[in-house]
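Structure (structure tokens):
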């Protein structure tokens, strides 16, 4: 239906377009809304295929083998981190708590304003 701008156009649209369509729906015996008026529910039709998910579907696909890591990389990864590195990583990761997020936002607003 096109847009209407005043009461006269809206009234004319209802009388000339909407009401005839609604009347046609009411008189149509084959309309899909008849199923609501029945007392008994529609018959159940079971699917022939199983809808259960198997384990293959849930598991991620296997990755192709990459081979061994180079010795240099193994040596770097085996070293434990020291206290300074731990503080640095903890600072970079930050805290994900509601109060800390609120306080950080409040500080930024104070600096901006």
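Numbering (our numbering), first residue to last: -8 to 104.
No residue lacks a Cβ here, since even glycine has one placed at the ideal position from N, Cα and C.
Keep in mind the model is a prediction, meaning the values are calculated, not measured.
Pairing residue 94 with residue 83, the inter-Cα distance amounts to about 17 Å. Here DSSP, grouped into helix, strand and coil, assigns residue 75 to helix. DSSP places residue 15 in the uninterrupted alpha helix (DSSP H) bounded by 10 to 18. Residue 85 and residue 103 have their alpha carbons spaced roughly 21 Å apart.
Counting only the Cα atoms, residue 16 lies some 13 Å from residue 8.
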